[in-house]
Amino acid sequence: SNSSFGHMMFIGSYKPWDLEPKGWDNPPLDSLLKGLHVANDAKIVEKILVKESLNNIKSDFIGYCFLCAKKLKNLWFRQTKLENIKNADLIIFILTGINFFIVGTFIFGLFSISKMRYSHIILLNLFIYWSILHALTWGAYRYLVPILPFIFCYSSSGIMLLVNKYSKLKYS
């Protein structure tokens, strides 16, 4: 299964806006790319998908803006689906709580740094860039993996600041 910017853009803009990937052999891609081989005709496929994506966005720009907010939420707070697992609701509740804790302490750690140094501004811009990029294309939780080490570092910084503020124990 090949993937490209055009394909991600199409997934992120095709109506109905369910944010589910459409396989190359499934509607609407099967009829849209009829007669084309995805790997052999990659440049043509890319051009078609980008053009269709832009048409989808132009047809309902306000709706697309709301969809971008939904994709941003999916990027940072993806809802986990567990099927046929005992206590699935409890597991999802715990995983969601952990996710909110990590993202919350990450934000706290990022913005509570006493001196905003150049390196912090660069990392802040990285997070903003990464979020906007995936809000415009396709915001899947797995795309956070490359920046997770930075998120964990700032999250741990946020945790230490909270511990120092609200605990009798002081860490440096």
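Going by my numbering, the final residue of the sequence shown carries number 407, and the count climbs one at a time with no gaps.
Built from N, CA and C at the ideal position, the CB exists for glycine as well.
Distances from the CA of cysteine 303 to each of Tyr389, Leu368, Ser402 were compared; the closest alpha carbon is that of Leu368. Between the beta-carbon of phenylalanine 341 and that of serine 390 there is about 4 Å, and that keeps the pair under the 8 Å contact cut.
With a 10 Å radius around the Cβ and a threshold of 16 neighbouring Cβ atoms, alanine 370 comes out buried. Going by beta carbons, tryptophan 373 and isoleucine 283 fall outside the 8 Å limit. Pairing asparagine 334 with phenylalanine 301 gives a Cβ-Cβ distance that is not under 8 Å. For valine 380, there is no enclosing alpha helix (DSSP H), since its DSSP letter is neither H nor E.
CA-CA distance, leucine 379 to phenylalanine 387, rounds to 11 Å. One Cα belongs to proline 251, the other to isoleucine 297, and the distance between them is close to 15 Å.
According to the DSSP assignment, glycine 247 belongs to no alpha helix (DSSP H), since it is labelled neither H nor E.
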